[in-house]
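Colleague: Residue 689 is where the sequence shown starts when you use my numbering, and the numbers rise one by one after that.
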Amino acid sequence: MVILLSFVIITKSYLGYGHKLRLIIFFIASTMWAVANTQEMVGASMKTIDAIKTSSVINIDGKLNESAWNNAVVVTDVHQILPVEYGKPSQDSRFYVLYDNEALYVAAQMSDTEPELITAKVLRQGGQAWLDDQFDLYLDPFNDKRSGYRFQVNPNGVYEEGLFKGPTQIQWEWSGIWQVSVSRNSKGWIVEARIPFRTISFNPENDTWGINFSRKIARNNETIGWVSRNRTQSPAISGEITGLRDLEQGLGLDIVPSIIANKQRDFVTPNHNSNIEPSLDIFYKITPSLNTSLTLNTDFSATEVDDRQVNLTRFGLFFPEQRDFFLKDADIFEFGRLGQRENGSPFNRPLAENARPFFSRRIGLSGSGKPVDLSVGGKLTGRIGNWNIGTLAIQQEAFENISARDLFVGRASVNVLEESTLGIIMTDGDPQSNLDNSLIGFDFGYQNTRLANGRTLESEVWYQKTKTEGKDHGDDDAWGARLWMPNSNGFRGGAGIKAVKDNFNPALGFINRKDIRDITAELGYTYRPVSQIKPIDKGNALLARSFLRSVYSGATLQRIERLSGGLQSQIAMFRINFENQTSDQLNLTYQNEKEGLIKPFNISEGIVIPTGDYSFNQTTIALNTGPHRLLVTKLAYGTGNFYNGQRDIINTEIEWTPSQHLRSFIGYQYNDVELPQGKFIVELVRIGLDAIFTSKLSWANLIQYDNSSDTVGINSRLHWIPERGRELFIVLNHNLEDMDKMNRFRSSFADLSFKFNYTFRF
689 MVILLSFVII
699 TKSYLGYGHK
709 LRLIIFFIAS
719 TMWAVANTQE
729 MVGASMKTID
739 AIKTSSVINI
749 DGKLNESAWN
759 NAVVVTDVHQ
769 ILPVEYGKPS
779 QDSRFYVLYD
789 NEALYVAAQM
799 SDTEPELITA
809 KVLRQGGQAW
819 LDDQFDLYLD
829 PFNDKRSGYR
839 FQVNPNGVYE
849 EGLFKGPTQI
859 QWEWSGIWQV
869 SVSRNSKGWI
879 VEARIPFRTI
889 SFNPENDTWG
899 INFSRKIARN
909 NETIGWVSRN
919 RTQSPAISGE
929 ITGLRDLEQG
939 LGLDIVPSII
949 ANKQRDFVTP
959 NHNSNIEPSL
969 DIFYKITPSL
979 NTSLTLNTDF
989 SATEVDDRQV
999 NLTRFGLFFP
1009 EQRDFFLKDA
1019 DIFEFGRLGQ
1029 RENGSPFNRP
1039 LAENARPFFS
1049 RRIGLSGSGK
1059 PVDLSVGGKL
1069 TGRIGNWNIG
1079 TLAIQQEAFE
1089 NISARDLFVG
1099 RASVNVLEES
1109 TLGIIMTDGD
1119 PQSNLDNSLI
1129 GFDFGYQNTR
1139 LANGRTLESE
1149 VWYQKTKTEG
1159 KDHGDDDAWG
1169 ARLWMPNSNG
1179 FRGGAGIKAV
1189 KDNFNPALGF
1199 INRKDIRDIT
1209 AELGYTYRPV
1219 SQIKPIDKGN
1229 ALLARSFLRS
1239 VYSGATLQRI
1249 ERLSGGLQSQ
1259 IAMFRINFEN
1269 QTSDQLNLTY
1279 QNEKEGLIKP
1289 FNISEGIVIP
1299 TGDYSFNQTT
1309 IALNTGPHRL
1319 LVTKLAYGTG
1329 NFYNGQRDII
1339 NTEIEWTPSQ
1349 HLRSFIGYQY
1359 NDVELPQGKF
1369 IVELVRIGLD
1379 AIFTSKLSWA
1389 NLIQYDNSSD
1399 TVGINSRLHW
1409 IPERGRELFI
1419 VLNHNLEDMD
1429 KMNRFRSSFA
1439 DLSFKFNYTF
1449 RF
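#1: Name the DSSP bridge partner or partners of L1372?
#2: Let's test the definition: count the other Cβ atoms within 10 Å of the Cβ of P976 and tell me whether it reaches 16, buried, or not, exposed.
#3: Is there contact between the region 1306-1324 and the region 1270-1281, where contact requires at least three CB pairs shorter than 8 Å?
#4: Can you grab the Cα-Cα spacing for the pair A1183 / E1210, in whole Å?
#5: Check the DSSP bridge columns for I865 and list the partner residues they point to.
#6: In its own chain, which residues sit with a C-beta less than 6 Å from the C-beta of W1150, not counting the 5 before and 5 after it?
#7: Roughly how many angstroms separate the alpha carbons of E1293 and Y793, rounded to a whole number?
#8: Let's test the definition: count the other Cβ atoms within 10 Å of the Cβ of I912 and tell me whether it reaches 16, buried, or not, exposed.
#9: Bridge partners of W818, per DSSP?
#10: Report yes or no: do the region 1032-1051 and the region 997-1006 share at least 3 C-beta pairs separated by less than 8 Å?
#11: Using a Cβ-Cβ cut-off of 6 Å (strictly less than) and excluding sequence neighbours within five positions of D1439, which residues of its own chain qualify?
#12: Do F1021 and G1065 have their beta-carbon atoms positioned less than 8 Å apart in this structure?
#13: Under the three-state reduction of DSSP, which class applies to P843: helix, strand or coil?
#14: Taking the alpha carbon of L982 as the point to measure from, which residue in T1340, A1081, V1104 has its own alpha carbon closest?
#15: Looking at the structure shown, is G1184 part of a helix, part of a strand, or coil, going by DSSP?
#16: Could you check if L709 is buried or exposed, using at least 16 other CB atoms within 10 Å of its CB as the buried criterion?
#17: Determine the extent of the beta strand (DSSP E) in which R782 is found, giving its start and end residues.
#18: Three or more beta-carbon pairs under 8 Å between the region 818-835 and the region 921-928, yes or no?
#19: In whole angstroms, give me the CA-to-CA distance for D821 and R907.
#20: Whose C-beta lies closer than 6 Å to the C-beta of P1223 among residues of the same chain, with five residues either side of it excluded?
#21: Distance, Cα to Cα, L642 vs R1050?
#22: Under the assumption that K1155 contacts D1164 (Cβ atoms under 8 Å), give the Cβ distance between them as a whole number of angstroms.
#23: Using C-beta distances below 8 Å, list every residue in its chain close to Q1120, excluding the 5 sequence neighbours before and after it, in chain order.
#24: When DSSP labels each residue in this structure, what does A808 get in the three-state scheme?
#25: Just list the beta strand (DSSP E) runs in the region 853-920, keeping only unbroken ones of 3 residues or longer that don't cross its boundaries, in chain order.
#26: Just to confirm my understanding: we take P877, look at its own chain, exclude 5 residues before and 5 after, and list those with CB closer than 8 Å. What are they?
#27: Residues in the same chain with beta-carbon distance under 6 Å from F1304, minus the five sequence neighbours each way, listed in chain order, please.
#28: Considering Cα atoms alone, identify which of N1339, G1314, R1335, H1316 is closest to L1323.
#29: Out of R1335, Q1152, T930, F1262, state which residue places its alpha-carbon closest to the alpha-carbon of N900.
#30: Considering only residues of the same chain and omitting the five flanking positions on each side of G1078, which have a CB-CB separation below 6 Å?
#31: Out of curiosity, what's the CA-to-CA distance linking G892 and K833?
#32: Is the beta carbon of R1432 sitting closer than 8 Å to the one on V1419?
#33: What would DSSP say about P803, mapped onto helix, strand or coil?
#34: Can you look up G1142 in the DSSP assignment and give me helix, strand or coil?
#35: Taking the alpha carbon of A817 as the reference point, which residue from S1147, R882, G845, A1086 has its own alpha carbon closest?
#36: Report yes if the CB atom of Q1152 is closer than 8 Å to the CB atom of P1315, and no otherwise.
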């Protein structure tokens, strides 16, 4: 009912009938509906385990041969999450939990009647371990249902950890120190892990944490877990562990010195430059729930390069943050759930991120993406009672014609209701100009994961205002609201609206469109045939009653109007997705796009699309094979009109992993555009080859080429991790350029970096 009401209101709003009034009525009515239906909320009963403390020494070797494990709390009441929620798992799983004063110990015994079929392709740390069989641990130390950590490991011992930026969003770029070891035998595989209390934030006065476990069997596309709702696990959907008392973090001090040696060569100028510099990061927990960090002479030379993207629009692209200093406790600074998109959502990523008040990639990078040195930076983040607080202060050095800048971000939010938050954000400073700039914003996020039949309801409303030196006051604010029901079965959908005025200028944020009203709506239905994975009586093979795992069909609308009048963009999309039991997917999409050009659009060199209103269609078919396979293929072909011409699109990626020690892939994007003004082709090629010697030593290589810039970028990265908290990087970046447009590529720039860091924990 609420979703259908959303569609009616959104449809009328872009026809011009009092959209703000209807938005307010819509938001209030929807929230009242959710509260009024509280009595209908149901879900799995809360599961709780009692923590057991040990004084024994546990050696993290993946064998579970210490006597302490005989006394651990054991979790066996698990169920299928996928494909049939609450169905009987095809394999047995047992999870164990212990703790001492310094760490939480977790183990898993995961039986497999066909151990030779366990999927374990990934051996490189930082690789795509989620493609394999895996074990996941969820921790919510504050038990606030809004924040927490996710620790993951595959059968090769390749680990990954993530930080929840909100109740459902997770940031895998976060890195924390923990120990984990894995062993395999004829009965399956075993995980043994140690999570130091120094690594995570918690409230020592609270002895009850949120906790959850899951296991994935990749070949069946099966997930088994302890607590779930709506086929989902998160801080809001977990069990509890009680009795965690007398936890210690030592001094809570991490000192991370680094040494960086760098040599650069500009082949065009030509210039040479080399230097050796130290860098220092200090992390100190004032209390177990309040963290402070300091960075001196910060260097980002070991950061992975961005993937190149094709852009045939008039607007900027979005590249996510990858630098460790900014990723730690990044969840504190999240605002209004901007950027949140559900799995499979077709909504444009830059538009979802548009009007983000704080985007850390604005710091330490020039407008062209070149690194800018940071003299010093400090950060204070944490939780005090129901409050979440974060402050960031950075001194950025001068570059080009920009003076040294002092930059500040402050964020505070308070937990309200069961799973919701109310917050404020402030920023000051502009890293890419000499003008003063400030911002203030307010947001409210509502979430309820306990609706009837496992449903979830999310909603948010936010407002921001900026002040920029030299700009007239007025038209310098932005606001938005969204209502969403992200259900994995049956109907799902929602609607949202965002308005960004012409003088709105978040100098420390992300913005790629102004003077707009952005309206989104989606309605879809997921059908899951009755299926159950079970052993066949003869042999150990697994049987699925239905070939199909799920079928999704839906429609989405995104309409962007200029506040000054007229249509800027619109896309209406209809799609149907088929997925089988082994994660192979077939996707069919039809979309209609509209573009209103109020000035000529220079889409390619020498090709200009004149002003006017355009409407064009595109049909796309895509086939993706299951990611657990040794040979993974993604193929997509699209064809249709494009402005007043024609466009054909080919997008393909082939990944071959013959063994866990070698991974290779090639990706190719091809856009063939024919317009009355001329014809052009845009190509993007990505080639990767990774040699993985052990889970601690790898050599990753990436070559990227696009014919828009006519440059080839080579990135070669040797990464050694002798133990957690100690890392060595040797990174080569080499660019070649077709300077005379004769396909004769010559070196234009090269950068060789050596970096070693060592973490001292006190």
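Idealized CB from N, CA, C, for every residue including glycine.
Being a predicted model, the structure only gives us computed values, none of them experimental.
Modeller: Taking the structure as given:
#1: Under DSSP, L1372 takes part in a beta bridge, and its partners are Q1357, D1394.
#2: Buried.
#3: Result yes; three or more Cβ-Cβ pairs closer than 8 Å.
#4: Whole-angstrom Cα-Cα distance: 6 Å.
#5: Paired residue(s): none; I865 is not in a bridge.
#6: Only G1024, D1131, G1168 meet the Cβ criterion.
#7: A straight line joining the alpha-carbon of E1293 with that of Y793 spans about 59 Å.
#8: Result: buried.
#9: According to DSSP, W818 bridges with nothing at all.
#10: Counting Cβ pairs under 8 Å, three or more are found: they touch.
#11: Around D1439: Q952, N1421.
#12: No, they are not a contact pair.
#13: P843: coil per DSSP, three-state reduction.
#14: Comparing C-alpha distances from L982 to each of T1340, A1081, V1104 shows the shortest one belongs to A1081.
#15: Residue state, collapsed to three classes: strand.
#16: Low per-residue confidence applies at L709: pLDDT is 40, beneath 50, and the placement is therefore not dependable enough to give any value.
#17: Note, R782: beta strand (DSSP E), 781-787.
#18: In short, these stretches touch, since the Cβ pair count reaches three.
#19: Roughly 8 Å separates the two Cα atoms.
#20: Caution is warranted here: a pLDDT of 46 is assigned to P1223, below 50, making its placement in the model unreliable, and the coordinate value is therefore given only provisionally. There are no such residues.
#21: The chain is shown only over 689 to 1450; residue 642 falls outside these bounds and no answer can be derived.
#22: The C-beta distance from K1155 to D1164 rounds to 7 Å, short enough to fall under 8 Å.
#23: If we look at Q1120 and ignore the five residues flanking it on each side, its Cβ neighbours are R1050, S1054, G1055, I1090, A1195.
#24: Three-state result, A808: coil.
#25: Whole beta strand (DSSP E) segments, 3+ residues: 867-873, 876-884, 896-905, 910-913.
#26: In the sequence as displayed, the identity of residue 877 is Trp instead of Pro. M798, D800, P803, I806, D821, P843, V870, S871.
#27: Taken in chain order, the residues that qualify are E1281, N1329, F1330.
#28: Ranking N1339, G1314, R1335, H1316 by Cα distance to L1323 puts N1339 first.
#29: It is T930.
#30: Excluding residues within five positions, the ones whose Cβ falls inside 6 Å are I1020, F1021, T1069, R1099.
#31: Note on residue identity: the sequence assigns Pro, not Gly, to residue 892. Answer to the nearest angstrom: the Cα atoms are 17 Å apart.
#32: Not a contact, by the Cβ cut-off of 8 Å.
#33: For P803, the secondary structure class from DSSP, reduced to helix, strand or coil, is helix.
#34: Looking at G1142 - three-state DSSP - the assignment turns out to be helix.
#35: Among S1147, R882, G845, A1086, the Cα nearest to that of A817 belongs to G845.
#36: No; because the gap between Cβ atoms is not below 8 Å, this pair is not in contact.
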